[in-house]
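Going down the list, the sequences are from chains A and B. All residue numbers in the first sequence are consecutive under the working numbering, ending with 690. All residue numbers in the second sequence are consecutive under the working numbering, ending with 690. Even for Gly, the Cβ is constructed at its ideal location relative to N, Cα and C.
Protein chains: 2
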Amino acid sequence: MRGRNPFDGKPQMTLRDVADAAGVSEMTVSRVLRNRGDVSDKTRERVFGAARRLGYVPNKIAGALASNRVNLVGVVIPSLSNMVFPDVLSGIGEVLDETPLQPVIGTSKYDDQHEENVIYEMLSWRPSGLIVAGLEHNEAARAMMANAGIPVVEVMDVDGDPVAACVGISHIEAGRQMAREIAARGYRRIGYCGSSSLNDHRAQKRRQGFEQGLAEAGLSLADACLYAGTSGFGTGRGMTAEILGRTPDLDFLYYNSDINAAGGLLYCLEKGMDIPGRIGLAGFNSFEVLDGLPMRIATMDSQRHEIGRRAAELIAANALTDEIVTLAPVFLPGDTIRAG
Amino acid sequence: MRGRNPFDGKPQMTLRDVADAAGVSEMTVSRVLRNRGDVSDKTRERVFGAARRLGYVPNKIAGALASNRVNLVGVVIPSLSNMVFPDVLSGIGEVLDETPLQPVIGTSKYDDQHEENVIYEMLSWRPSGLIVAGLEHNEAARAMMANAGIPVVEVMDVDGDPVAACVGISHIEAGRQMAREIAARGYRRIGYCGSSSLNDHRAQKRRQGFEQGLAEAGLSLADACLYAGTSGFGTGRGMTAEILGRTPDLDFLYYNSDINAAGGLLYCLEKGMDIPGRIGLAGFNSFEVLDGLPMRIATMDSQRHEIGRRAAELIAANALTDEIVTLAPVFLPGDTIRAG
DNA sequence: CTGAAAGCGCTAACAA
DNA sequence: TTGTTAGCGCTTTCAG
Chain A
351 MRGRNPFDGK
361 PQMTLRDVAD
371 AAGVSEMTVS
381 RVLRNRGDVS
391 DKTRERVFGA
401 ARRLGYVPNK
411 IAGALASNRV
421 NLVGVVIPSL
431 SNMVFPDVLS
441 GIGEVLDETP
451 LQPVIGTSKY
461 DDQHEENVIY
471 EMLSWRPSGL
481 IVAGLEHNEA
491 ARAMMANAGI
501 PVVEVMDVDG
511 DPVAACVGIS
521 HIEAGRQMAR
531 EIAARGYRRI
541 GYCGSSSLND
551 HRAQKRRQGF
561 EQGLAEAGLS
571 LADACLYAGT
581 SGFGTGRGMT
591 AEILGRTPDL
601 DFLYYNSDIN
611 AAGGLLYCLE
621 KGMDIPGRIG
631 LAGFNSFEVL
641 DGLPMRIATM
651 DSQRHEIGRR
661 AAELIAANAL
671 TDEIVTLAPV
681 FLPGDTIRAG
Chain B
351 MRGRNPFDGK
361 PQMTLRDVAD
371 AAGVSEMTVS
381 RVLRNRGDVS
391 DKTRERVFGA
401 ARRLGYVPNK
411 IAGALASNRV
421 NLVGVVIPSL
431 SNMVFPDVLS
441 GIGEVLDETP
451 LQPVIGTSKY
461 DDQHEENVIY
471 EMLSWRPSGL
481 IVAGLEHNEA
491 ARAMMANAGI
501 PVVEVMDVDG
511 DPVAACVGIS
521 HIEAGRQMAR
531 EIAARGYRRI
541 GYCGSSSLND
551 HRAQKRRQGF
561 EQGLAEAGLS
571 LADACLYAGT
581 SGFGTGRGMT
591 AEILGRTPDL
601 DFLYYNSDIN
611 AAGGLLYCLE
621 KGMDIPGRIG
631 LAGFNSFEVL
641 DGLPMRIATM
651 DSQRHEIGRR
661 AAELIAANAL
671 TDEIVTLAPV
681 FLPGDTIRAG
């Protein structure tokens with residue numbers, strides 16, 4: 351019973367068992383099950399039959415150790431609850447589905463130390479590639495990524511110093527562009543509603559770019575309202591009530607997310623405010639679920655599906671490059687901003 | 351170069367390298383890194399120092415093969431885009447964080463064959479446990495789960511025939527209970543809006559239970575509107591417009607999901623309908639993001655976080671039982687149904 | 001407290 | 001087309 355987990359009942363089935371049942375060598379079974387090398391049709395069928403009859407499930411641990419090949423791709427994201435990440439994952443999945451590679455997801459919970467641990471765990475399984483959201487990591491994490499010896503792609507954001515390859519949009523530019531659109535449409539008293547968390551690096555960058563864009567148009571932020579916690583209609587509603595209570599003459603509100611913007615929209619509509627005349631609203635991200643609100647929120651499509659695809663393509667191509675792929679976010683005016 | 355992936359540059363670092371750098375045996379390094387057995391403080395520090403200096407990341411593949419222990423728990427869910435599953439995952443994560451176990455997520459895309467493949471892939475890594483959403487699987491998948499030799503827990507749903515352990519709510523009962531609440535409040539002309547997909551087993555069961563509940567109250571469904579595709583405000587809005595166009599005298603709409611119900615709510619409010627007087631609405635699932643809609647939708651909390659926790663607890667306890675844990679969903683009247 | 005030997009289940013390389 | 005041999009990097013076991 352050496353090396354056996356005290357819990358498991360029966361020892362696992364091995365190639366040996368299938369080989370015996372089929373009357374061939376282990377090697378032949380291995381070849382059949384992997385469709386490698388030439389095997390006669392007769393033998394192949396005998397082996398498949400035996401494997402199926404016995405319910406044999408190969409041991410990838412042993413296979414990976416022997417072949418030094420692991421068909422897993424580590425994907426590290428902050429959270430699954432934030433709707434942006436499933437979209438990135440679906441892009442990754444779409445591309446990897448065409449390959450033998452499989453994504454394995456880990457979450458960092460917006461915490462550097464936790465992220466380091468997750469990356470360490472993933473690398474200890476010797477995956478074929480690693481995709482990590484964001485550019486902000488602690489030193490240990492950066493060192494591991496740099497020395498992993500596998501393709502590593504940082505995604506979502508290009509404003510910073512990537513360890514290796516990088517696919518994303520510039521959130522600074524996204525913020526600046528939104529500021530330009532708003533200013534060009536004649537709004538002058540502009541407020542910002544967003545997260546107070548410094549760990550939400552991309553939202554911080556959008557705000558920073560937004561303020562730069564306003565400055566370039568000779569404007570500045572009239573007020574800002576921050577919240578701690580998760581975004582939601584209630585949060586957006588609350589922030590909107592607060593900021594308009596404090597600074598009633600605001601004529602535009604820029605939110606860190608469409609979700610919060612939706613809450614703000616509902617609030618303003620209830621108050622009977624004229625949108626986009628009296629006040630304009632804009633968010634960020636373009637979520638499909640929200641189509642169907644009373645008005646379409648002005649927003650920016652963050653290209654997250656495409657980001658996932660491009661990152662996965664780099665991994666699938668085994669690209670050990672430090673290429674930076676900058677995608678362009680798309681401004682969607684919707685109905686909550688005046689026509690240009 | 352035997353067995354080396356043609357792509358990777360440098361060979362991986364091994365225990366041997368750390369052992370040499372620290373001037374001890376591989377075995378000692380192994381013990382230090384796993385905090386096993388007695389090692390002198392001096393040796394321990396030397397080893398840790400060398401490992402950190404070299405940036406050594408252990409190879410879990412080799413470790414798992416040698417020890418026959420894999421600290422992974424497979425979790426198979428239909429999709430990450432559906433907001434219910436991240437909640438289950440967070441419950442699982444919360445419990446597993448207190449153990450050495452790590453969840454590994456796979457998605458079945460609401461397809462039996464795909465699910466079978468994902469389960470096969472997962473089992474081939476010899477995880478310490480397996481959590482699978484739903485009770486409907488093809489024969490091959492059921493056979494694999496039954497013979498895995500590890501704790502297997504089916505989650506979400508208890509209406510059916512579990513392979514082993516099971517944690518969930520009765521969706522039939524949930525539907526029936528909602529029908530009772532609606533009937534008790536005097537609604538009589540009741541419509542259903544939901545998915546046309548037969549693969550959405552739990553929604554089908556809720557509808558079935560709902561119709562039973564209506565029948566028990568001497569009522570029956572006046573109309574139903576089905577959609578193919580994803581739920582969203584637009585979908586809910588569209589279904590609501592359609593069903594009310596066809597059957598204008600409906601006084602209640604039961605939706606398969608709060609998301610769709612929210613779309614319906616917005617539609618009805620825009621049309622100036624009196625809710626919950628002229629018409630009542632109810633959904634299913636209780637999503638926190640939706641707090642902040644103009645009215646709180648009547649719904650049922652499906653206990654998904656707790657379901658995740660309980661399932662993970664069974665895995666963590668290495669419970670090879672076939673226990674069925676039935677949780678009770680909680681009716682939340684909100685504002686869109688008349689007071690009892 | 002530390003080390004040496006054996007082997008986990010599989011696959012690469014070579015032999016037949 | 002099939003079989004044999006060696007060994008992947010680690011941990012278990014047992015000996016010092």
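Name the two residues that bound the continuous alpha helix (DSSP H) containing residue 449 of chain A. Locating residue 449 of chain A in the first sequence gives position 99, where the first residue counts as 1. Segment: none, residue 449 of chain A is in no alpha helix (DSSP H) and carries neither H nor E.
Write down every uninterrupted run of the alpha helix (DSSP H) in the stretch 541-573 of chain A whose length is 4 residues or greater and which is fully enclosed by it, in chain order. Restricting attention to alpha helix (DSSP H) runs no shorter than 4 residues, the stretch 541-573 of chain A encloses them at 551-566, ordered along the chain.
Under 7 angstroms, Cβ to Cβ, is there at least one residue of chain B near residue 641 of chain A? The residue you call residue 641 of chain A lines up with position 291 of the first sequence. Using beta-carbon distances, residue 641 of chain A counts as an interface residue toward chain B, with a partner under 7 angstroms.
Range of the contiguous alpha helix (DSSP H) that encloses residue 678 of chain A: Looking up residue 678 of chain A in the first sequence gives position 328. Element bounds for residue 678 of chain A: n/a, residue is neither H nor E.
Could you tell me how far apart the beta carbons of residue 405 of chain B and residue 493 of chain A are, in whole angstroms, since I believe they sit closer than 8 angstroms? Within the second sequence, the letter at position 55 stands for residue 405 of chain B. Within the first sequence, the letter at position 143 stands for residue 493 of chain A. Contact flag correct, Cβ pair sits at about 6 angstroms.
Taking 7 angstroms as the threshold (beta carbon to beta carbon), is residue 431 of chain A in contact with chain B? As a position in the first sequence, residue 431 of chain A is number 81, starting the count at 1. It does: the Cβ of residue 431 of chain A has a partner Cβ on chain B nearer than 7 angstroms.
Can you name the start and end residues of the alpha helix (DSSP H) that residue 631 of chain B belongs to? Reading the second sequence from its first residue, position 281 is the one you call residue 631 of chain B. First-last for residue 631 of chain B: 630-632, but that is the beta strand (DSSP E), not the alpha helix (DSSP H).
Amino acids of chain B, ordered along the chain, whose beta-carbon sits closer than 8 angstroms to that of residue 587 of chain A: The count along the first sequence starts at 1 and reaches residue 587 of chain A at position 237. In chain order: 642.
Would you mind working out which of A:459, A:419, A:514 sits nearest residue 579 of chain A, comparing C-alpha positions? Along the first sequence, read from residue 1 onward, the residue named residue 579 of chain A stands at position 229. Nearest C-alpha to residue 579 of chain A: A:459.
Helix, strand or coil: which one does DSSP assign to residue 689 of chain A? Here residue 689 of chain A corresponds to residue number 339 of the first sequence, with the count starting at 1. DSSP places residue 689 of chain A in coil when its eight states are reduced to three.
Let me confirm a value: residue 676 of chain B is counted as buried when at least 16 other C-beta atoms fall within 10 Å, else exposed. Which label applies? Along the second sequence, read from residue 1 onward, the residue named residue 676 of chain B stands at position 326. Exposed is the call here.
Let's see if you can read the secondary structure: which residues bound the beta strand (DSSP E) around residue 536 of chain B? One-based indexing of the second sequence puts residue 536 of chain B at position 186. Per DSSP, residue 536 of chain B lies in no beta strand (DSSP E) segment and is marked neither H nor E.
Between the stretch 596-613 of chain A and the stretch 640-654 of chain A, are three or more C-beta pairs nearer than 8 angstroms? As far as the Cβ criterion goes, the stretch 596-613 of chain A touches the stretch 640-654 of chain A, which means the pair count is three or higher.
Residue-level contact to chain B via CB, residue 415 of chain A, 7 angstroms cutoff: Locating residue 415 of chain A in the first sequence gives position 65, counting from the first residue. It does; some Cβ of chain B falls within 7 angstroms.
Would you mind sorting residue 501 of chain B into buried or exposed? The rule is 16 or more other CB atoms within 10 Å of its CB. Your numbering for residue 501 of chain B matches position 151 in the second sequence. Within a 10 Å sphere around the beta-carbon of residue 501 of chain B sit 16 or more other beta-carbons, which makes this residue buried.
Residues of its chain near residue 529 of chain A, where Cβ-Cβ distance is below 6 angstroms and the 5 sequence neighbours each way are ignored: If you number the first sequence from 1, residue 529 of chain A lands on position 179. 560, 563, 564.
As assigned by DSSP and simplified to three states, the class of residue 648 of chain B: Stepping through the second sequence from its first residue, residue 648 of chain B is reached at position 298. Residue state, collapsed to three classes: strand.
May I ask you to report which of helix, strand or coil DSSP gives residue 481 of chain A? In the first sequence, the residue the question calls residue 481 of chain A occupies position 131. Residue state, collapsed to three classes: strand.
Which of the residues in the stretch 446-480 of chain A, read from start to end, lie with their CB under 7 angstroms from any CB of chain B? Listed by position along the chain: 452, 454, 455, 470, 471, 473, 474, 475, 476.
Sequence-distant residues of its chain with Cβ nearer than 8 angstroms to residue 423 of chain A (five each side left out): Mapped onto the first sequence, residue 423 of chain A falls at position 73. Excluding positions up to five away in sequence, the list reads 442, 446, 451, 452, 453, 454, 477, 478, 479, 480, 481, 662, 665.
Taking residue 497 of chain A as the query, report the chain B residues whose CB atoms sit under 8 angstroms from its CB, ordered along the chain. Locating residue 497 of chain A in the first sequence gives position 147, where the first residue counts as 1. In chain order: 405.
Closer than 9 angstroms, Cβ to Cβ, to anything on chain B: give me those residues from the stretch 568-587 of chain A, in chain order. Taking 9 angstroms as the Cβ-Cβ cut-off, the stretch 568-587 of chain A approaches chain B at 580, 581, 582, 583, 584, 585, 586, 587, given in chain order.
Could you give the distance in angstroms between the alpha-carbon of residue 365 of chain A and the alpha-carbon of residue 461 of chain B? Here residue 365 of chain A refers to the residue found at position 15 of the first sequence. Here residue 461 of chain B refers to the residue found at position 111 of the second sequence. Separation of residue 365 of chain A and residue 461 of chain B (C-alpha to C-alpha, rounded to the nearest whole angstrom) is 29 angstroms.
Residue 670 of chain A bridges to which residues according to DSSP? One-based indexing of the first sequence puts residue 670 of chain A at position 320. DSSP links residue 670 of chain A through a beta bridge to no other residue.
Any Cβ of chain B within less than 7 angstroms of the Cβ of residue 657 of chain A? In the first sequence, the residue the question calls residue 657 of chain A occupies position 307. It does not: the Cβ of residue 657 of chain A has no partner Cβ on chain B nearer than 7 angstroms.
Using a Cβ-Cβ cut-off of less than 9 angstroms, list which residues of the stretch 609-630 of chain A approach chain B; keep chain order. Using a CB distance below 9 angstroms, the part of the stretch 609-630 of chain A facing chain B consists of 609, 612, 613, 616, 617, 619, 620, ordered along the chain.
Can you tell which of B:534, B:487, B:533 has the C-alpha that lies nearest to the C-alpha of residue 511 of chain B? Along the second sequence, read from residue 1 onward, the residue named residue 511 of chain B stands at position 161. Looking only at B:534, B:487, B:533, the smallest Cα-Cα distance to residue 511 of chain B is reached by B:487.
To the nearest angstrom, how far is the alpha carbon of residue 568 of chain A from that of residue 619 of chain B? Locating residue 568 of chain A in the first sequence gives position 218, where the first residue counts as 1. Locating residue 619 of chain B in the second sequence gives position 269, where the first residue counts as 1. Inter-residue distance for residue 568 of chain A and residue 619 of chain B is about 41 angstroms (C-alpha atoms, whole angstroms).
Can you tell me whether residue 444 of chain B is buried or exposed, with buried defined as 16 or more other CB within 10 angstroms of its CB? Residue 444 of chain B sits at position 94 when you count from the first residue of the second sequence. Residue 444 of chain B comes out exposed.
Contact defined as beta carbons within less than 8 angstroms: I believe residue 519 of chain B pairs with residue 653 of chain B. What is the distance between those atoms, to the nearest angstrom? Taking the second sequence and counting its residues from 1, the one referred to as residue 519 of chain B is at position 169. Taking the second sequence and counting its residues from 1, the one referred to as residue 653 of chain B is at position 303. Contact holds; Cβ gap of about 6 angstroms.
Using DSSP bridges, identify the partner residues of residue 575 of chain B. Position 225 of the second sequence holds residue 575 of chain B. Beta-bridge pairing links residue 575 of chain B to B:543.
For residue 497 of chain A, which of helix, strand or coil comes out of DSSP? As a first step, residue 497 of chain A must be located in the first sequence, where it is residue number 147. Residue state, collapsed to three classes: helix.
Cα-Cα separation between residue 513 of chain A and residue 634 of chain B, rounded to whole angstroms: Counted from its first residue, the first sequence places residue 513 of chain A at position 163. Counted from its first residue, the second sequence places residue 634 of chain B at position 284. Going from the Cα of residue 513 of chain A to the Cα of residue 634 of chain B covers about 44 angstroms.
Buried or exposed: residue 678 of chain B, going by 16 or more other Cβ atoms within 10 Å of its Cβ? As a working mapping, residue 678 of chain B is identified with position 328 in the second sequence. Taking all protein chains in view, the Cβ of residue 678 of chain B is surrounded by fewer than 16 other Cβ atoms within 10 Å, so the residue is classified as exposed.
Take residue 362 of chain B and list the residues in its own chain whose beta-carbon comes closer than 8 angstroms to its own, dropping the five residues that flank it on each side. Start at 1 with the first residue of the second sequence, and residue 362 of chain B comes out as number 12. For residue 362 of chain B, the CB contacts under 8 angstroms within the same chain, skipping 5 residues up- and downstream, are 409 in chain order.
Cut-off 8 angstroms between Cβ atoms - residues of its own chain near residue 637 of chain B, not counting five sequence neighbours on either side: For the purposes of this step, residue 637 of chain B is taken as the residue at position 287 of the second sequence. Contacts found: 433, 608, 609.
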